[in-house]
Structures are given as structure tokens and as C-alpha cells.
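Its first residue numbered 1, the sequence shown is counted upward by one per residue in my numbering.
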Amino acid sequence: MLNEVVTGEVKSRRIIVASELKSRMGLFFLAFLYVVALHVVYTRIVSVQWAYMGYVYNDPPMLDVLMAWLASTLTGLWMPVDINRPSKVVYWLFYLFVIIPVILTTVYINGTFLIPFLRISLPVILSFLSIGLFYKIPLFKVRKLRISNQTFWTCFVLALLVSYAYVLAIFGPHLEFVSIFSEEVYSIRLAARSLTADKLIGYVMGWCANLLNPFLIAFGLNSKKYFPLVVGVCGQILLYSADATKGTLLSVLVFFGLFLLLSKHRKQVGLKLFVVIICLVMVSCLIDYLLNSNVFVSLMARRQIFTHGLLTTYYFDFFSTNPKAHMGYNKLMGNFVNYPYTGAPSFVIGHYYFGSSTMNANENFWAYAYADFGYFGLFVYGIIVGVLFWLCDSLTSHVPIQFSAIVIFSPFFSLVSTSLFTSLLTHGILLLLFFLWVVPQTLVGGGNG
Numbered sequence: 001m002l003n004e005v006v007t008g009e010v011k012s013r014r015i016i017v018a019s020e021l022k023s024r025m026g027l028f029f030l031a032f033l034y035v036v037a038l039h040v041v042y043t044r045i046v047s048v049q050w051a052y053m054g055y056v057y058n059d060p061p062m063l064d065v066l067m068a069w070l071a072s073t074l075t076g077l078w079m080p081v082d083i084n085r086p087s088k089v090v091y092w093l094f095y096l097f098v099i100i101p102v103i104l105t106t107v108y109i110n111g112t113f114l115i116p117f118l119r120i121s122l123p124v125i126l127s128f129l130s131i132g133l134f135y136k137i138p139l140f141k142v143r144k145l146r147i148s149n150q151t152f153w154t155c156f157v158l159a160l161l162v163s164y165a166y167v168l169a170i171f172g173p174h175l176e177f178v179s180i181f182s183e184e185v186y187s188i189r190l191a192a193r194s195l196t197a198d199k200l201i202g203y204v205m206g207w208c209a210n211l212l213n214p215f216l217i218a219f220g221l222n223s224k225k226y227f228p229l230v231v232g233v234c235g236q237i238l239l240y241s242a243d244a245t246k247g248t249l250l251s252v253l254v255f256f257g258l259f260l261l262l263s264k265h266r267k268q269v270g271l272k273l274f275v276v277i278i279c280l281v282m283v284s285c286l287i288d289y290l291l292n293s294n295v296f297v298s299l300m301a302r303r304q305i306f307t308h309g310l311l312t313t314y315y316f317d318f319f320s321t322n323p324k325a326h327m328g329y330n331k332l333m334g335n336f337v338n339y340p341y342t343g344a345p346s347f348v349i350g351h352y353y354f355g356s357s358t359m360n361a362n363e364n365f366w367a368y369a370y371a372d373f374g375y376f377g378l379f380v381y382g383i384i385v386g387v388l389f390w391l392c393d394s395l396t397s398h399v400p401i402q403f404s405a406i407v408i409f410s411p412f413f414s415l416v417s418t419s420l421f422t423s424l425l426t427h428g429i430l431l432l433l434f435f436l437w438v439v440p441q442t443l444v445g446g447g448n449g
């Protein structure tokens, strides 16, 4: 009897090991396919059509290119295949949209592998891996604030109405819905920047776009109630009409996609997410080929992927030879440090590399971490993001993951294109943590399992 039990346990372990090995082999193959696809897109399209913007290809030796591919692929073996915490969705997107582009683009721009890898890519990779270590830490049980569903909805609806009344008061005469492919997007965005400068409206719009509307969409999808779903979608359209932020409008598609991806089962969702992004890159190339345009490659591959590698390189290059920012561009820290620049790091980079004083070259929190405190900043900021992920996952441990992934997505995904401090306040990470603490569990039900 004992031998049968032992034999059964051994077989069970072998099955688990075999399944894990199969998943890792699949992950390795997809990572390799992704970097090869990006290489082809960059060398054949991006560096040809947008070289004047800095997307150059300086003919690195093929061995150096292969080393960049290998580094990108091996980093992917660290990734969680199964999605059992909502923050793992964002962690995956960090890898796909920031880590791989940084490794590849630094080689393409500099024409060599070793020095850019040691100076830029490797420190960013180590910070990225440190965030993943927090998935080894068990979640803690949160004693949530107990309020009734009626009280919660009363406060939520009141906050939503006041917020949109404020938005309409500021933007009412200036609301204009334009195509995300139109050049008018940039003029509307520039005009909106002047209306929101040094005003509370910037925070209100960020909180609505990143938290309130996504909550309504997630609640509507999860509970199959169409009214909150429609209100949330219309809210995103209204905000896009105000400041022409493409991410606000496109986030609706992301929310629906996440819900479909996570609502049934979460086995190997990481691999499925990988496949989706690879398909999006390839489809964008195919559509542009058929239409004889460059619009979709520009939107998907250039803007969402390679720009992170390009700008991260610029941040490291500039702040390695010029004074660090030490967060002096922040209103609070500006009172305690001697800030040597006239604008935030994003405008410093925009002016220095693109020759435009209005160019806001916002980039990921790792770029800002280096701009602020160098390599020490990469380590500290990575730990902070890891703690925030862990707190968020703990607060949502008894919430359906298809719900929680949508709610946390926008505040944390903002770290891909802005500083940690801006994401905490303007994009609502701190407000998100408070929100997750007070939202009644009976309102969303279920659990991550």
C-alpha cells in the first residue's frame, strides 16, 4: 500500500515537472519568435522610415544581434506562465513592451552588444527580476473596511458626477473626437496640456480614466450588467475627446481582451498573452502592407515597443554625463534639492534629442529612476514597485481575477511610460490601493482561486 502511494507521488511529480518543462520550452520558442519578428520589423520598416527620429540601425555584427536575442529570450524564462495574481498581467507587459525593446534597441542604436548591455540593459533586467521575487512571498490577509454596497455606490456615483462636471466645465467648448490616426491628435493634446497645467483637473482626469471608468467596465462585464459597462465606455470616450490620449480610448479594447482571456481559466495565460502581442505586431505589418501605409506599424511597433528602447537609451546616455535630477522636478522635492534643469526630465530629453521645447519624451519608471538616482535608483524603484504589486495582489486575493486585472491595469501599466511618482498620484496607484481596501467584496464576489 505504501509503495503504491509513493509510486503515485513520484508519477505526479514527474507529470508536474514534464508540464513545467513543456511550458518553459514553449515560452522559449515564443520569446525567440518575438525577438526575431521585432528584428525584422525594426530593420526593414522602423529604421528605414523613422531613422530621422532616432530609430537608426548601425549594423551591429550578427554575433552581437544574436547575443541580444539570447539575452531577451533567457530573461523570458523567468516569467510566470500561469496568471494567478492580477499584477502578473502588468509584469508580463513590462517584459514585452520595455525589457525586450531595451535589450534590442540599445544594440541596434549603438552598433554593439556588450557595453550597452552592461551599462543599460543588464541593470534594468536585474531591477525587473527583483520585482518578480515578490511573487515568492505569500499574500497577507487584509482586514477590509466594511461598508454597505449602497454606501459605496452612493459615494462612487457622487465622485463620478462631480468629476465629470469639472471636466465639462474645463473642456466643454473644446471637446472634439478625432481619429487616433489623425495628426490633429497632437494639436488637441498640446491644447489640453495648457488647460490642465497646474490644475486639479489633471488628477481628476487621470483618476477617471485609470480607475473609475475601468471599475465600471469591469463590474459591468463581471456581473453582466450593461448600464455600468456603457457608462464606463462612454466615460473613456469623453476623456479621449478632451485630451486625445490614445491610451484612454484603446484601453477599452484591452479591458475586453483581458476579461475574455482570464474569465475561463488562467493556465498558461502568460503564453497566450505572448501570442496575442506577436499577432498584433504581425497583423499591423500586414495591414500596412495591404494599405501601402505605415500607420499601424507606427502605432503598434514603433510607438508602443521600440520607443521605450530608444528613449531609455537617451535617458541613460544623457544622465550618465549630466547631473542627476534627484526628483527636483517634483514640486515637493524641488524645495529640498538644487534642480539644474528648467523642465522635467521628459522635456529635457525632448529638447536635447529632438530639438523641441514642447516635446514631452515621457518614458518608463526605470528611465526616470536612473535620471533621478542612477543605478541605485533602479534598485530602489524596482523594490517599491514589487511591494506595490504585492499589496495590490493581497487586496484583491478574494476578487475574481478577470475583475481585478482590469481595475489595476491602467494605474500600473502607466509605469511603462511615466515616472513612479507620477503613477502614484496622477495615474492613481495610491488611490487604487485605497479603493481596493474599501470596495465591498459582496459587490464583486468570487475569488482568484
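We treat Cβ as the ideally placed atom computed from N, Cα and C, and that holds for glycine.
The beta carbon of THR358 sits closer than 7 Å to those of LEU190, all from its chain and outside the five residues before and after it, given in chain order.
Apart from the 5 residues on each side of it in sequence, ALA369 sits with its Cβ closer than 6 Å to the Cβ of GLY377, LEU378 and TYR381 in its chain, given in chain order. For HIS174, the number of other beta carbons within 10 angstroms of its own is below 16, and it is reported as exposed.
Taking every protein chain shown into account, the CB of PRO138 has fewer than 16 other CB atoms within 10 angstroms, so this residue is exposed. Annotation for TRP390: the continuous alpha helix (DSSP H) segment containing it runs 365-395.
Contact annotation: the stretch 391-398 touches the stretch 83-100, with at least three C-beta pairs closer than 8 Å. The shortest CA-to-CA distance from LEU388 to any of PHE219, ILE131 and GLU183 is the one to ILE131. Here the C-alpha atom of PHE347 lies approximately 44 Å from the C-alpha atom of ARG146. In this structure, LEU253 lies away from ILE237, with their beta-carbon atoms at least 8 Å apart. Straight-line spacing of the CA atoms in LYS324 and TRP92 works out to 29 Å. According to the DSSP assignment, GLN236 belongs to the alpha helix (DSSP H) that extends over 226-243.
Taking MET53 as reference, the option from THR426, PRO340, TRP78 and ALA361 with the minimal CA-CA separation is ALA361. With respect to HIS39, VAL65 sits close: the two C-beta atoms are nearer than 8 Å. Rounded to whole angstroms, LEU27 and LEU195 show a C-alpha spacing of 46 Å. Between VAL35 and the set TRP50, ILE103 and PRO61, the nearest pair of CA atoms involves ILE103. Close CB contacts of SER417 within its chain, under the 7 Å cut and outside five residues either way in sequence, are with ASN362, GLU363 and ASN364 (chain order).
Judged by DSSP in its simplified three-state form, GLN150 adopts helix. For MET359, no alpha helix (DSSP H) run applies, since DSSP gives it neither H nor E.
For GLN304, there is no enclosing alpha helix (DSSP H), as DSSP gives it neither H nor E. Contact between the stretch 427-436 and the stretch 105-124 is not established, with fewer than three Cβ pairs separated by less than 8 Å.
Going by C-alpha positions, LEU216 is about 41 Å away from TYR339. Separation of VAL233 and THR426 (C-alpha to C-alpha, rounded to the nearest whole angstrom) is 21 Å. The Cβ atoms of PHE94 and TRP390 do not sit closer than 8 Å to each other.
C-alpha of PHE306 to C-alpha of GLN150: approximately 46 Å in a straight line. With contacts defined by Cβ atoms closer than 8 Å, MET79 and GLY257 do not form a contacting pair. Looking only at GLN304, PHE373 and LYS331, the smallest Cα-Cα distance to PHE319 is reached by PHE373. Under the DSSP assignment, ARG189 falls in the alpha helix (DSSP H) whose first and last residues are 184-196. In this structure, DSSP gives ASN335 a helical state, which the three-state scheme calls helix. When Cβ pairs closer than 8 Å are counted between the two stretches, the stretch 203-222 is seen to touch the stretch 403-418, the count reaching three or more. CA-CA distance, LEU261 to PHE255, rounds to 10 Å.
Selection ALA405, VAL439 and LEU77 evaluated against SER251 yields ALA405 as nearest (Cα-Cα). In this structure, ILE349 keeps its C-beta atom at 8 Å or more from the C-beta atom of TYR375.
By the neighbour-count criterion, in which 16 or more other beta carbons inside 10 Å mark a residue as buried, VAL283 falls on the exposed side. It is roughly 24 Å from the alpha-carbon of LEU415 to the alpha-carbon of VAL439. Out of GLY202, ILE278, PHE403 and VAL385, the CA that lies nearest to the CA of VAL444 is found in PHE403.
Secondary structure at ILE180: coil, using DSSP grouped into helix, strand and coil.
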